[in-house]
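Quick note: the sequence shown uses the UniProt record's numbering, first residue 1, plus one each step.
Note that the Cβ used here is the ideal one computed from N, Cα and C, for glycine as well.
Only one structure is covered here, and it is reproduced in the block below.
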Amino acid sequence: MTTQDLIQAYYDAFNAADMPAFLALLSDDVVHDINQGERQVGKAVFAEFMNKMNRCYREQLTDMVIMVSADGSRAAAEFVVNGEYLADDEGLPLANGQKYVLPAGAFFEVKDGKVARISNYYNLNDWVAQVC
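As structure tokens, this is what we get:
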């Protein structure tokens, strides 16, 4: 699978809410840099993060553009998050089904055909303004 195909499969699984397929694309020691948050390491920790995300948010990513380095070891994606805030997330405004549309991006490192690092970026202040 090419890096382009890997990143596309990652987002296809995300949009389908297919967590087994999504997690299968990650290395066991995947590094996850959370937007304006901490760095987490490991597939099990990433799975816990996604359980929380799927409880609090329903999201579909559209307008996807994937860019890959010449050697395939790095990739970036730009997209639009179309979401609904379903349940309160710690430290954030109260949830009551607010909808939001948010430009976002991610950077990837790929090793041995798996996602080894992902760093997500979006404007948290924009999101807060949309859900308040």
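Item to complete: Note the first and the last residue of the continuous beta strand (DSSP E) segment covering PRO103.
Response: 99-111
Fill in: the region 71-89 / the region 42-50 touching (three or more Cβ pairs under 8 angstroms)
no
Worksheet item: Which residue's Cα is closest to the Cα of VAL30: LEU124, VAL115, ASN125, ALA129?
Response: VAL115
Worksheet item: Rounded to a whole number of angstroms, what is the C-alpha to C-alpha distance between ASP71 and ARG58?
Response: 34 angstroms
Discussion item. So, for MET1: in the same chain, excluding its five sequence neighbours on each side, which residues have a beta-carbon less than 8 angstroms away from its beta-carbon?
Written reply: ALA9, GLY113
Worksheet item: Taking the continuous alpha helix (DSSP H) assigned at ILE7, which residues delimit it?
Response: 3-15
Item to complete: From the DSSP output, read off the bridge partner residues of GLY83.
Response: GLU59, TYR100
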